[in-house]
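Enquirer: Chains as they are written, first to last, in my numbering: chain A, -11 to 132; chain B, -11 to 132.
2 protein chains.
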Amino acid sequence: MQNTHEKLEFFVKKCKEIGLKITPQRLAIYEVLLKSYNHPTVEEIYEEVKKMYPYVSLATVYRTLETLEKIGLVKRVCFWGNSARYDANTSEHHHLICKKCGRIEDIDLDQKLSIPENLQGFKTDSYSVNIYGLCPKCQSNQQV
Amino acid sequence: MQNTHEKLEFFVKKCKEIGLKITPQRLAIYEVLLKSYNHPTVEEIYEEVKKMYPYVSLATVYRTLETLEKIGLVKRVCFWGNSARYDANTSEHHHLICKKCGRIEDIDLDQKLSIPENLQGFKTDSYSVNIYGLCPKCQSNQQV
DNA sequence: TATAGAAGTGATAAATATTATTGAAAAGCT
DNA sequence: AGCTTTTCAATAATATTTATCACTTCTATA
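And the structure:
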């Protein structure tokens, strides 16, 4: 598992390779995402980045997240509600989702599925497992 | 596996139980969803329902889908893009998703995962597997 | 170091998607 | 029938996302 610093270096390297400029905004947005473990929405990322760069534009956040997704550094995840959420953890991992409040946690699943390379004509390349349930908080509220 | 007719009867029964009225619009929207196997967006459902009820409102479609989800007859699925998609197949099944165009197909997976009832404090009750790849159409476009 | 050109940014407008509100119609009850 | 409650559809309002454009910054090359 890489740490934040290594990931940032990798980001810089990757940008140079592709010919993308390494702007402070891009770094800041990626860094915010690296440090957050709750799959934030675009709006939440925007608010966080603004603390460092008060003049950043929401459009830049959208654009940058799209760029980062294109080069494979972040993933767009969308389960509940209507706004897109992002995740900088691109390694093989799965999600634990609360059906009540929508909270999402990462999980490592030791069990592996063997997916055929070809499925109903689709050329497959990855999979993810979403496990649904009630988070601790919603369990106790339930009892009321 | 139930057929469309049985599912519609079940819908009527369930509505009566809960005290919901069985309106032509509700029936039409549910029927459209039962007959479509491509996880349509709200907009697509709306277009389809309009063929039968030209004066139906988009807002009605939103409301009805929300109601149907609440009583457990449809599921909201959301993977790529920004608009919600719905699925009337509420039985245990999984999804095959095209990373390029967002097309979603159902799959039966013979492999089973055994999920602990308790995971990181969550009380789990179900899971779903999303397999990602390229659909046949996008594969051939890719080669251009 | 001057400068042309590409890429990136911020502000705002435009486009999409979703939800709330409101008055009317329908259904239930007596 | 009259009254109350629920549901309806259309409109308006809000939220989310994307496009546009003038301006800035970076890079490469002279």
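For each residue, glycine too, the CB sits at the ideal point set by N, CA and C.
#1: Relative to chain B, which residues along the stretch 104 to 115 of chain A have a C-beta separation below 8 angstroms, given in chain order?
#2: Name, please, each residue of chain B whose Cβ falls closer than 8 angstroms to the Cβ of residue 120/A.
#3: Just verifying my parser: in three-state terms, what is the DSSP assignment at residue 22/A?
#4: Excluding the 5 residues preceding and the 5 following residue 16/B in the sequence, name in chain order all residues of the same chain whose CB lies nearer than 7 angstroms to its CB.
#5: Relative to the C-alpha of residue 61/A, which residue among 98/A, 21/A, 35/A is closest?
#6: Please compile the residues from chain B whose C-beta is within a distance smaller than 7 angstroms of the C-beta of residue 17/A.
#7: Where residue 1/B and residue 9/B are concerned, what is the direct C-alpha to C-alpha distance, given to the nearest angstrom?
#8: If I measure Cβ to Cβ from residue 64/B and keep anything under 7 angstroms in the same chain, skipping five residues before and after, which residues do I get?
#9: In this structure, how does DSSP classify residue 15/B when only helix, strand and coil are distinguished?
#10: Determine whether the Cβ of residue 42/B lies closer than 8 angstroms to any Cβ atom of chain A.
#11: According to DSSP, is residue 31/B helix, strand or coil?
#12: When you compare only the Cα positions, how much space is there between residue 116/B and residue 24/B?
#13: Hey, how far is the Cα of residue 45/B from the Cα of residue 4/A?
#14: With a threshold of 8 angstroms between beta carbons, is residue 169/B in contact with chain A?
#15: Determine the chain B residues that contact residue 84/A at a beta-carbon separation under 9 angstroms, and present them in chain order.
#16: Is the stretch 75 to 89 of chain A close to the stretch 79 to 97 of chain B, with three or more CB pairs under 8 angstroms?
#17: Between 55/A, 103/A, 123/A, which has its C-alpha nearest residue 7/A's C-alpha?
Expert: On the basis of the supplied data:
#1: Within the stretch 104 to 115 of chain A, those residues whose Cβ lies closer than 8 angstroms to any Cβ of chain B are, in chain order, 107, 108, 109, 110, 111, 112, 113, 114, 115.
#2: Indexing the first sequence from 1 puts residue 120/A at position 132. Result: 112, 113, 114, 115, 116.
#3: As a working mapping, residue 22/A is identified with position 34 in the first sequence. Of the three classes helix, strand and coil, the one that applies to residue 22/A here is helix, per DSSP.
#4: To locate residue 16/B, count along the second sequence from 1; it is residue 28. Its chain contains 37, 40, 41 as the residues whose beta carbon lies nearer than 7 angstroms to that of residue 16/B, once the 5 sequence neighbours on both sides are disregarded; these appear in chain order.
#5: Position 73 of the first sequence, counted from the first residue, corresponds to residue 61/A. The shortest C-alpha separation from residue 61/A is found at 21/A.
#6: As a working note, residue 17/A is residue 29 in the first sequence. Those do not exist, as residue 17/A stays about 19 angstroms from chain B at its closest Cβ, beyond 7 angstroms.
#7: Against the second sequence, residue 1/B aligns to sequence position 13. Against the second sequence, residue 9/B aligns to sequence position 21. Computed Cα separation, rounded: 11 angstroms.
#8: Numbered from its first residue, the second sequence carries residue 64/B at position 76. Closer than 7 angstroms at Cβ, skipping near neighbours: 57, 72, 74.
#9: One-based indexing of the second sequence puts residue 15/B at position 27. Reduced to three states, the DSSP call for residue 15/B is helix.
#10: Here residue 42/B corresponds to residue number 54 of the second sequence, with the count starting at 1. So, not an interface residue.
#11: Within the second sequence, numbered from 1, the residue matching residue 31/B stands at position 43. If DSSP states are grouped into helix, strand and coil, residue 31/B belongs with the helices.
#12: Residue 116/B sits at position 128 when you count from the first residue of the second sequence. Residue 24/B sits at position 36 when you count from the first residue of the second sequence. Using only the alpha carbons, I get a separation of about 20 angstroms.
#13: As a working note, residue 45/B is residue 57 in the second sequence. As a working note, residue 4/A is residue 16 in the first sequence. So the alpha carbons of these two residues sit roughly 50 angstroms apart.
#14: Only positions -11 to 132 of chain B appear in the structure, and residue 169/B is not among them; the question remains open.
#15: The residue you call residue 84/A lines up with position 96 of the first sequence. Going along chain B in sequence order, the residues near residue 84/A (Cβ under 9 angstroms) are 107, 108, 110, 112.
#16: Contact between the stretch 75 to 89 of chain A and the stretch 79 to 97 of chain B is absent, because fewer than three Cβ pairs lie under 8 angstroms.
#17: On the first sequence, position 19 is the one that residue 7/A refers to. The shortest C-alpha separation from residue 7/A is found at 55/A.
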